[in-house]
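First comes the structure, then the notes that go with it.
2 protein chains.
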Amino acid sequence: MAETSYEALKLDHQLCFRLYSAARRVTRLYHPFLDPLGITYPQYLALLVLWEAQEPLSVGELGQRLELESNTLTPMLKKLEVAGFVERRRSAQDERVQLVSLTDAGWALRESAAHVPECLYEALGVSDEVAIALVGALDAFSGEMRSGNAGDARQERA
Amino acid sequence: MAETSYEALKLDHQLCFRLYSAARRVTRLYHPFLDPLGITYPQYLALLVLWEAQEPLSVGELGQRLELESNTLTPMLKKLEVAGFVERRRSAQDERVQLVSLTDAGWALRESAAHVPECLYEALGVSDEVAIALVGALDAFSGEMRSGNAGDARQERA
DNA sequence: GCTTAATATATCGTATACGATATAATCGTA
DNA sequence: TACGATTATATCGTATACGATATATTAAGC
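Those protein sequence lines, which keep their order, are chains D and B.
1 is the number of the first residue of the first sequence in the working numbering; add one for each residue after it.
1 is the number of the first residue of the second sequence in the working numbering; add one for each residue after it.
Printed below as a string of C-alpha cells:
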C-alpha cells in the first residue's frame, strides 16, 4: 500500500531503460553518417562482419556475430542485395545454407565507411575515459549475464 | 590499402554494438515476465512513467521521459487503450494536448508488476558490483554525450 | 533405401523506432 | 481580430526485432 513498495518500479532505477535509451541515442547519431552511404545502422553492422570475415558467411554465422536470427536477417540481407552490396547464393555442399558475400560495391563501401567510427566518436563528444569505462562495464555485464550468449565473452565468477 | 586502415571497422571495437546487443538481450529477458501481464517492454516503460507520475500525462511529457515522439507513442498508447490499461482524452484547456491516464486495470497492473524488477534482476544473474558499475558508466556516458538529452541525468564532472 | 529427426532459412504477424509530413489548435502581433 | 507562426499529435512509409510456424535439405537409424 505504501508508495515505497513500488520504489523499484521507478524509471530512473531501471538499468534496462538506461541501456535502451542509450542504444537508441547512439543509433540515431549514426544516421547522418550512414544515410549518405545508403545503409541503415543494422545493415552497417552486418557489413562490418562481412568486411572483417573476408569471406562469404552463412546467414547463421552472421546471426551468431550479430545476435540476430534469420527472421530478422533474411529481409535485411535481401535489401542489401537489392542495393547491390551483397550477393546471396546457396552453398553447393549444403543447399540449406545461404552464403552471403560482398560485391565490388560492397567492398568499395568499406572505404567510404572507413571514417565512420571516428566521425561517430567525434559526434558522441564523450571523453576517452568515459567511453573506455562504458566498454569495460558492458563487457563485464555481458560476461556475467545469464543466457548472455556473448560468444567467448563468458567468464568465471570470481 | 593495408588491413590496419580498417581496424576501427571491426565489430568488437564498436561501443555501439555492445550497447545495441546488450539492450536487446535485456529486453528479451523481460519477455517471460511481461507476457503474462499482456504488455510489451516499451509499454511497460510507458506504464512505469504513468505509475510514477500519479497523474495524467500528455503524450509530450511521456515522450520526454521515454525519449520517444508521437510517431512512436501514439500507436503504442492506442494499444494500451484497447487493452484497457490507459485512457486518452483531449485536454480541456488545450485541445491539442492528448492526456493519458491510467484506468483501474492500469493501476491494478502495477501490483502485478511489482515484482518484475527483482525477477528481472534475478534472471540477469549479474552481480551487484557489475550492475552498479554499468549504471554509473551509462550515466556518465549519457551525461557527456552530445545531444544526449537525458533529462535531468546530466551530472557535473568531478 | 526409407522414414523420421535435426538443421538452416524463410515466412508471417505484431510491435516498435523514426524521418517526413499532415492536421488541428493556440499564440503572437500588427 | 484576421492570419501567419508555433506547437502538439497523428499519419505514413520504411526498416528492424522477434516469437511462431513453415519449408527445404541433410543426417540418422533401422
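Glycine included, every Cβ here is placed at the ideal spot set by N, Cα and C.
Since the structure is predicted, the reported quantities are computational estimates derived from the model, not experimental observations.
- DSSP places Glu87 (chain B) inside the beta strand (DSSP E), whose first and last residues are 86-90.
- For the segment 75-87 of chain B, the set of positions with a beta-carbon nearer than 7 Å to some beta-carbon of chain D is empty.
- Take Ser70 (chain B), set aside five residues on each side of it, and the residues of its chain with a beta-carbon closer than 6 Å to its own are Val59, in chain order.
- At a cut-off of 9 Å, the C-beta of Pro117 (chain D) has a neighbouring C-beta in chain B.
- With respect to the C-alpha of Gly143 (chain D), the residue from B:Gly143, B:Ala131, B:Met145 having the closest C-alpha is B:Ala131.
- Within the segment 129-141 of chain B, the residues whose Cβ lies closer than 8 Å to some Cβ of chain D are Val130, Ala131, Ala133, Leu134, Val135, Gly136, Ala137, Leu138, Asp139, Ala140, Phe141, listed in chain order.
- Between Arg146 (chain B) and Gly125 (chain D), the beta carbon gap of about 4 Å places them in contact (Cβ cut-off 8 Å).
- A direct Cα-Cα distance of roughly 12 Å separates Lys79 (chain D) from Tyr44 (chain D).
- For the pair Thr27 (chain D) and Cys16 (chain B), the Cα-to-Cα distance works out to about 7 Å.
- Beta-carbon to beta-carbon, Leu138 (chain B) and Leu50 (chain D) are separated by about 30 Å, too far to satisfy the 8 Å threshold.
- Residues of chain D whose Cβ lies closer than 7 Å to the Cβ of Val26 (chain B) are, in chain order, Cys16, Leu19.
- The beta carbons of Arg110 (chain D) and Leu9 (chain B) sit closer together than 9 Å.
- Within the same chain, Cβ atoms closer than 7 Å to the Cβ of Leu66 (chain B) are found at Leu45, Ala46, Val49, the five residues on either side in sequence being excluded.
- Nearest C-alpha to Ala140 (chain B) among D:Asp104, D:Ala22, D:Tyr6: D:Ala22.
- In the structure shown, Val116 (chain D) adopts helical secondary structure according to DSSP, grouped into three states.
- In the DSSP annotation of this structure, the continuous segment of the alpha helix (DSSP H) that includes Ser21 (chain B) starts and ends at 15-34.
- Assigned with DSSP and collapsed to three states, Gln54 (chain B) falls in coil, not helix or strand.
- A residue is called buried once 16 or more other Cβ atoms fall within 10 Å of its Cβ, and Pro75 (chain D), having fewer, is exposed.
- Burial check for Gly63 (chain D): the Cβ neighbour count within 10 Å reaches 16 or more, so the residue is buried.
- The beta carbon of Tyr121 (chain D) sits closer than 8 Å to the beta carbons of Ala131 from its chain, once the five residues preceding and following it are set aside; these are given in chain order.
- Close partners of Glu55 (chain D) in chain B (Cβ separation under 7 Å) are lacking, with about 14 Å as the shortest Cβ gap.
- Val97 (chain D) carries a coil assignment under DSSP once its states are collapsed to helix, strand and coil.
- The DSSP-derived three-state label of Leu48 (chain D) is helix.
- Residue contact check for Gly125 (chain D) against chain B: a CB pair falls below 9 Å.
- In the displayed model, Leu102 (chain D) falls within a strand according to three-state DSSP.
- With respect to the 9 Å criterion, Thr103 (chain B) and Val86 (chain B) are classified as neighbours on the basis of their beta carbons.
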